[in-house]
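Residue numbers (my numbering), protein chains in the order written: chain A, 12 to 266; chain B, 12 to 266; chain C, 12 to 266; chain D, 12 to 266. Glycine is no exception: its CB is placed at the ideal position from the N, C-alpha and C atoms. Predicted model, so just to flag it, every value in this text is computed and none were measured. Reviewing the structure listed below.
Number of protein chains: 4
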Amino acid sequence: MDPLIIAGVEFRSRLLLGTGGVPSLEVLDRSIAAAGAELVTVALRRVEAAAGGPLLDVLDRAKVRLLPNTAGCATAREAVLTARLAREAFDTSWVKLEVIGDEHTLLPDPVELLDAAEQLVADGFTVLPYTSDDPITARRLADLGCAAVMPLGSPIGSGLGIRNPHNIALIRESVTVPVVLDAGIGTASDAALAMELGCDAVLLASAVTRARDPELMATAMRDAVRAGRLAYRAGRIPRRWHARASTQPDGLPEL
Amino acid sequence: MDPLIIAGVEFRSRLLLGTGGVPSLEVLDRSIAAAGAELVTVALRRVEAAAGGPLLDVLDRAKVRLLPNTAGCATAREAVLTARLAREAFDTSWVKLEVIGDEHTLLPDPVELLDAAEQLVADGFTVLPYTSDDPITARRLADLGCAAVMPLGSPIGSGLGIRNPHNIALIRESVTVPVVLDAGIGTASDAALAMELGCDAVLLASAVTRARDPELMATAMRDAVRAGRLAYRAGRIPRRWHARASTQPDGLPEL
Amino acid sequence: MDPLIIAGVEFRSRLLLGTGGVPSLEVLDRSIAAAGAELVTVALRRVEAAAGGPLLDVLDRAKVRLLPNTAGCATAREAVLTARLAREAFDTSWVKLEVIGDEHTLLPDPVELLDAAEQLVADGFTVLPYTSDDPITARRLADLGCAAVMPLGSPIGSGLGIRNPHNIALIRESVTVPVVLDAGIGTASDAALAMELGCDAVLLASAVTRARDPELMATAMRDAVRAGRLAYRAGRIPRRWHARASTQPDGLPEL
Amino acid sequence: MDPLIIAGVEFRSRLLLGTGGVPSLEVLDRSIAAAGAELVTVALRRVEAAAGGPLLDVLDRAKVRLLPNTAGCATAREAVLTARLAREAFDTSWVKLEVIGDEHTLLPDPVELLDAAEQLVADGFTVLPYTSDDPITARRLADLGCAAVMPLGSPIGSGLGIRNPHNIALIRESVTVPVVLDAGIGTASDAALAMELGCDAVLLASAVTRARDPELMATAMRDAVRAGRLAYRAGRIPRRWHARASTQPDGLPEL
Numbered sequence: 012m013d014p015l016i017i018a019g020v021e022f023r024s025r026l027l028l029g030t031g032g033v034p035s036l037e038v039l040d041r042s043i044a045a046a047g048a049e050l051v052t053v054a055l056r057r058v059e060a061a062a063g064g065p066l067l068d069v070l071d072r073a074k075v076r077l078l079p080n081t082a083g084c085a086t087a088r089e090a091v092l093t094a095r096l097a098r099e100a101f102d103t104s105w106v107k108l109e110v111i112g113d114e115h116t117l118l119p120d121p122v123e124l125l126d127a128a129e130q131l132v133a134d135g136f137t138v139l140p141y142t143s144d145d146p147i148t149a150r151r152l153a154d155l156g157c158a159a160v161m162p163l164g165s166p167i168g169s170g171l172g173i174r175n176p177h178n179i180a181l182i183r184e185s186v187t188v189p190v191v192l193d194a195g196i197g198t199a200s201d202a203a204l205a206m207e208l209g210c211d212a213v214l215l216a217s218a219v220t221r222a223r224d225p226e227l228m229a230t231a232m233r234d235a236v237r238a239g240r241l242a243y244r245a246g247r248i249p250r251r252w253h254a255r256a257s258t259q260p261d262g263l264p265e266l
Numbered sequence: 012m013d014p015l016i017i018a019g020v021e022f023r024s025r026l027l028l029g030t031g032g033v034p035s036l037e038v039l040d041r042s043i044a045a046a047g048a049e050l051v052t053v054a055l056r057r058v059e060a061a062a063g064g065p066l067l068d069v070l071d072r073a074k075v076r077l078l079p080n081t082a083g084c085a086t087a088r089e090a091v092l093t094a095r096l097a098r099e100a101f102d103t104s105w106v107k108l109e110v111i112g113d114e115h116t117l118l119p120d121p122v123e124l125l126d127a128a129e130q131l132v133a134d135g136f137t138v139l140p141y142t143s144d145d146p147i148t149a150r151r152l153a154d155l156g157c158a159a160v161m162p163l164g165s166p167i168g169s170g171l172g173i174r175n176p177h178n179i180a181l182i183r184e185s186v187t188v189p190v191v192l193d194a195g196i197g198t199a200s201d202a203a204l205a206m207e208l209g210c211d212a213v214l215l216a217s218a219v220t221r222a223r224d225p226e227l228m229a230t231a232m233r234d235a236v237r238a239g240r241l242a243y244r245a246g247r248i249p250r251r252w253h254a255r256a257s258t259q260p261d262g263l264p265e266l
Numbered sequence: 012m013d014p015l016i017i018a019g020v021e022f023r024s025r026l027l028l029g030t031g032g033v034p035s036l037e038v039l040d041r042s043i044a045a046a047g048a049e050l051v052t053v054a055l056r057r058v059e060a061a062a063g064g065p066l067l068d069v070l071d072r073a074k075v076r077l078l079p080n081t082a083g084c085a086t087a088r089e090a091v092l093t094a095r096l097a098r099e100a101f102d103t104s105w106v107k108l109e110v111i112g113d114e115h116t117l118l119p120d121p122v123e124l125l126d127a128a129e130q131l132v133a134d135g136f137t138v139l140p141y142t143s144d145d146p147i148t149a150r151r152l153a154d155l156g157c158a159a160v161m162p163l164g165s166p167i168g169s170g171l172g173i174r175n176p177h178n179i180a181l182i183r184e185s186v187t188v189p190v191v192l193d194a195g196i197g198t199a200s201d202a203a204l205a206m207e208l209g210c211d212a213v214l215l216a217s218a219v220t221r222a223r224d225p226e227l228m229a230t231a232m233r234d235a236v237r238a239g240r241l242a243y244r245a246g247r248i249p250r251r252w253h254a255r256a257s258t259q260p261d262g263l264p265e266l
Numbered sequence: 012m013d014p015l016i017i018a019g020v021e022f023r024s025r026l027l028l029g030t031g032g033v034p035s036l037e038v039l040d041r042s043i044a045a046a047g048a049e050l051v052t053v054a055l056r057r058v059e060a061a062a063g064g065p066l067l068d069v070l071d072r073a074k075v076r077l078l079p080n081t082a083g084c085a086t087a088r089e090a091v092l093t094a095r096l097a098r099e100a101f102d103t104s105w106v107k108l109e110v111i112g113d114e115h116t117l118l119p120d121p122v123e124l125l126d127a128a129e130q131l132v133a134d135g136f137t138v139l140p141y142t143s144d145d146p147i148t149a150r151r152l153a154d155l156g157c158a159a160v161m162p163l164g165s166p167i168g169s170g171l172g173i174r175n176p177h178n179i180a181l182i183r184e185s186v187t188v189p190v191v192l193d194a195g196i197g198t199a200s201d202a203a204l205a206m207e208l209g210c211d212a213v214l215l216a217s218a219v220t221r222a223r224d225p226e227l228m229a230t231a232m233r234d235a236v237r238a239g240r241l242a243y244r245a246g247r248i249p250r251r252w253h254a255r256a257s258t259q260p261d262g263l264p265e266l
């Protein structure tokens, strides 16, 4: 598979993994390996971050790059502060920017998100914002200097897949930075579809961590992301209203 | 991946390949290898079959099992005759039974299909019928002794994917023989979805042979079938109307 | 609205109503009036039919034409017998032919259905068969001399709407008799869609009789069927990937 | 049908009409009558507005309330200026606020939109903003004091219908002001679906004005909006995986 490049850093894997909801660190360890993930999000928890802690040990051994997120933040101010704490704690200027507008849907708030993105870019962060599937907001984020845009397929943890493939395709048309489908993936075909729509990568957590067998699902997602990417590059057949015989009638035996 | 067993024969691959529409034998050769296919359909063409011919040479070298089809037949009589000719020509009693009811849609005719299936089962064939996605017809085919049922996703070569996932799932509920999604697959996510619905395998031709890059698409399909199967076994998360935070609020920093 | 003609009989309404599941005869009375239905199905129940009975009184006062059905029949033999009993009991040679292949899905059995249709047509019945959405079976039924074909949208009472609009459109292309969407309608937009796909009428029962307010839903369905028919005739705009301004930029004020 | 109330003004019709794309004033005249529309959008064109002009004559005779829009504006500044000009020209403080973020998709820009909405509300306007289907942006607009929110189904003039019904339903849950589905409607079933999702009204232009027969389509849309509203209030049946017989087996004849 062709490499994914975000902010000049090259990844062989196009599957990013979140750690939320994982039943145990051992499962996480095996899921990361099965997924082949090289970029893994972590929520800042002060104690863990300061003390290292077992989660970080697992991620360290897995040799993945950390992508701290600002989960739970509802304002630009909170998100910016969280990002700065995370930068110190995890020693990385990369951040998954998440500014939530509603407790029930956990949908991102475009106003606070754009505000925070602008501040963090100005502060030297490599910003990967979690955003709605609105193409205009995505383009604004890209214009502000974000390193990628990460539109949702559907609400976090909903497993509803990609509710509006048209918008994801429009986002792909309108920005030049990588597009990472983030949130809503429920199963493997959702991840494949994301890639077929032109996404450069997929970020998911619950779909793996809360599956009945997380490790097996991590393998499925690895294969699905790869399948979707290859299909995108291979050039699918057009959709046709009627049939087209794969076997031409010429040469068939006469009976 | 767990093996697929049809009529007591074990296959490691769950992707069956058709040869129709392939631009060259060399492309076919590479596509079969990329797909990892072990069971490949061929249309009986009298000369080729009798003489061997280059297509058969390719399939022979690829060490795949041949699955002759009765493409182009419109009546049970024609299909039964074709199956018998194919049995002699290809030296196999396996047959993909195809009885077409309409030139524009190439949809199977249930009446002629059931008639032909009954005759061929009685004649000792291992019958894999291409059928509509109607669960009742599928169950009747299984009850007649077919070794598998192969419902369509959408018309042959249409690339419209699985038009009625509900019916495919109902078929899976109602028969115990393997269910092979046959026809309509356009891209990788379609194949993954088929497997997630509980299909045991996927059969496709045009999606690979007419793709811009057949070999690459064959690889994509191999990965997609595997991804869908693993996801099916891994137990996906339920769909939820609202969000579910992957990161729980406890332990987040206070700002 | 242009009239619907079945077997030479003209109807102003394109909404056919089933009586199953209705909470009371009073509700049925008001629902028929609200729906404006002129053709109403009834299941043969020997006593009622022989004795007249309150259901028939209601239908008689509503001045609707009765369409006896063969609900509950699982074989051609049963269905033919039921149709003949109904012909005597209700004094009509019209019959909604229903031959069920499965208790869980109540899906029609194509083999028994075609057999029964052939016998009943030969016996002088005006046959309206409830069938799957398979275009080949529908065409066979039309070729046998059925007065209309009545494909399902989804299983009876499921409220899942039209699972495969593509098949309904293909049926419309392939037969010249009226196409009546029968079964699966859940709400008004489903009925409108059926008409937009080219169906000539819609038959529904549960969607009205089991709604919270059956009379109100009957009104909704009447309007929806009308809306869908008019939209079909009015010629909808094409679907476009990008936007098309309804207001052209020329003449806008310069600011 | 229950009345629609926006900013204290009561309407009997829940179908709002745009005038863009109409082939002639005569067609507009007849379409407004057929639609039963009481609220009609107009784009400010300086000359027309100042001079009255034939369009305004038609709307005046139709006794509809005018809803000037800010079509073609790309910034809050432009939109606010346009709204003020329109207020003088048309003698109404109602405005459909439209601030476009992209020429290809004509999607609204949330940042400029919120900015303009805030200014116009402060200036005493009754603001009806055209917005994306993002629930957070919609709630922010409501919180700013907009009299309604008008989320899109899909891009203006695309005829793609409601791409993300889930978001529309989430918007309905999250605001108390009327929700008007604006943009993307292609045919009658789209309009019915909007109402079934809980929208209070539908605004459309191209679907009628560019239909092959605008007047007929206007009638269809009137019926569809009414059908969807009634169905919403009537309480649809739940969706079920399997069938539910409308005719119970008890009392069927034994054969």
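Length of the line joining the Cα atoms of residue i and residue j
i               : j               : result
L92 of chain D  : V138 of chain D : 14 Å
F24 of chain A  : G135 of chain A : The residue asked about is misnamed: residue 24 of chain A is Ser in this sequence, not Phe. In a straight line, the C-alpha of S24 of chain A is about 25 Å away from that of G135 of chain A.
R98 of chain C  : L77 of chain C  : 10 Å
A85 of chain B  : R95 of chain B  : 16 Å
M206 of chain D : A18 of chain A  : 45 Å
Cβ neighbours of residue i in the same chain (closer than 6 Å, five flanking residues each side left out)
i               : result
C157 of chain B : A128, V138 and P140
L118 of chain A : G112
L214 of chain A : L27, V191 and D193
Proximity test, Cβ basis, 9 Å: residue i and chain D
i               : result
S169 of chain C : yes
G31 of chain C  : yes
L241 of chain C : yes
Local Cβ density within 10 Å of residue i, reported as buried at 16 or more and exposed below that
i               : result
S185 of chain D : buried
G83 of chain C  : buried
E114 of chain A : exposed
S165 of chain B : buried
M232 of chain C : buried
P162 of chain A : buried
P34 of chain D  : exposed
is_contact[residue i, chain A] using C-beta, thresh 9 Å
i               : result
H177 of chain C : yes
A256 of chain B : yes
P65 of chain B  : no
I147 of chain D : yes
Short CB-CB distance (under 9 Å) between residue i and chain C
i               : result
E114 of chain B : no
D102 of chain D : no
Close beta carbons around residue i, own chain, < 8 Å, minus the five adjacent residues each side
i               : result
L204 of chain C : G172, I173, P176 and G239
T148 of chain C : P121, L124, L125 and T142
Chain B within 9 Å of residue i, Cβ atoms only
i               : result
W252 of chain D : yes
E37 of chain A  : no
I248 of chain A : yes
R237 of chain A : yes
Close beta carbons around residue i, own chain, < 7 Å, minus the five adjacent residues each side
i               : result
L181 of chain B : P146
Legend entry - 3-residue-minimum beta strand (DSSP E) runs that sit fully inside the region 177-232 of chain C, ordered along the chain: 191-193 and 212-215
Inset, instruction - Taking only runs that begin and end inside the region 76-141 of chain A, name each unbroken beta strand (DSSP E) of 3 or more residues, in chain order. - result: 76-80 and 105-108
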